[in-house]
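Q:
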Amino acid sequence: MSRASMSAMADFKHILVAVDFGDSSDQAMELGIELANKYGAALTLVHAYEIPTYAYPNASFLVVDLLTPIEEAARKELEKTLAAVQAQVPGAKAVLRRGSAATEVLSVIDELHADLVVTGTHGRRGITRTVLGSVAEKLVRMSPVPVLTVHRRPE
Numbered sequence: 661m662s663r664a665s666m667s668a669m670a671d672f673k674h675i676l677v678a679v680d681f682g683d684s685s686d687q688a689m690e691l692g693i694e695l696a697n698k699y700g701a702a703l704t705l706v707h708a709y710e711i712p713t714y715a716y717p718n719a720s721f722l723v724v725d726l727l728t729p730i731e732e733a734a735r736k737e738l739e740k741t742l743a744a745v746q747a748q749v750p751g752a753k754a755v756l757r758r759g760s761a762a763t764e765v766l767s768v769i770d771e772l773h774a775d776l777v778v779t780g781t782h783g784r785r786g787i788t789r790t791v792l793g794s795v796a797e798k799l800v801r802m803s804p805v806p807v808l809t810v811h812r813r814p815e
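Take 661 as the starting number for the sequence shown in the numbering used here and just add one per residue.
(1) Measuring CA to CA, which of R758, V679 and I675 is closest to E731?
(2) Rounded to whole angstroms, what's the CA-CA distance from E771 to K753? Just pull it up for me.
(3) Is A688 helix, strand or coil by DSSP?
(4) So, helix, strand or coil for V777, using DSSP?
(5) Going by other Cβ atoms of all chains shown within 10 Å of its Cβ, with 16 needed for buried, is H773 buried or exposed?
(6) By DSSP's criteria, H707 is part of a beta bridge. Which residues make up the other side?
(7) Rounded to whole angstroms, what's the CA-CA distance from V755 to V765? Just pull it up for me.
Given below as structure tokens:
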């Protein structure tokens with residue numbers, strides 16, 4: 661690859677950081693902040709939360725009772741995180757979505773015309789990854805833009 665094409669690849673204008681408020685997410689956010697400042701790019705944090713589903717008859721009241729507190733907790737955490745990020749990237753924004761994290765991040769990529777996604781990865785392997793799935797893996801496979809994954813640093 662020529663230097664010119666590598667330079668064009670690195671001209672990021674809008675960076676999304678997928679956040680789940682865990683350690684690897686914090687490290688991805690730090691890198692997203694660094695890249696946004698380096699490239700003068702817009703920075704948007706994206707958090708998606710899911711409502712647990714139950715297969716009980718007549719359990720619809722459970723979903724209604726859970727929706728508001730889960731959404732409020734996610735909103736408060738995202739607002740707190742955004743405030744800290746805005747100290748370093750004043751124009752940073754945040755998007756809160758309900759649904760599958762990978763699906764919602766992919767949707768936000770299209771809506772905001774982002775050209776890079778930074779996401780943490782828990783580094784799960786084997787059956788744990790198979791059962792729990794991997795948001796980072798889905799983003800890498802399905803994203804129309806580059807995805808930079810960040811592993812949690814060992815303590």
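Beta carbons: idealized from backbone N, C-alpha and C, even for Gly.
A: Result, derived from the coordinates:
(1) Counting from 1 along the sequence shown, the entry for residue 731 is found at position 71. Checking every option, the nearest Cα to that of E731 belongs to R758.
(2) Within the sequence shown, numbered from 1, the residue matching residue 771 stands at position 111. Within the sequence shown, numbered from 1, the residue matching residue 753 stands at position 93. Between E771 and K753, the C-alpha separation is close to 14 Å.
(3) For this step, residue 688 is matched to residue 28 along the sequence shown. Here A688 sits in helix by DSSP.
(4) In the sequence shown, counting from the first residue as 1, residue 777 sits at position 117. Of the three classes helix, strand and coil, the one that applies to V777 here is strand, per DSSP.
(5) Along the sequence shown, read from residue 1 onward, the residue named residue 773 stands at position 113. H773 should be labelled exposed.
(6) Along the sequence shown, one-based indexing puts residue 707 at 47. Note: H707 sits in a beta bridge opposite L756.
(7) By one-based count along the sequence shown, residue 755 stands at place 95. By one-based count along the sequence shown, residue 765 stands at place 105. In a straight line, the C-alpha of V755 is about 9 Å away from that of V765.
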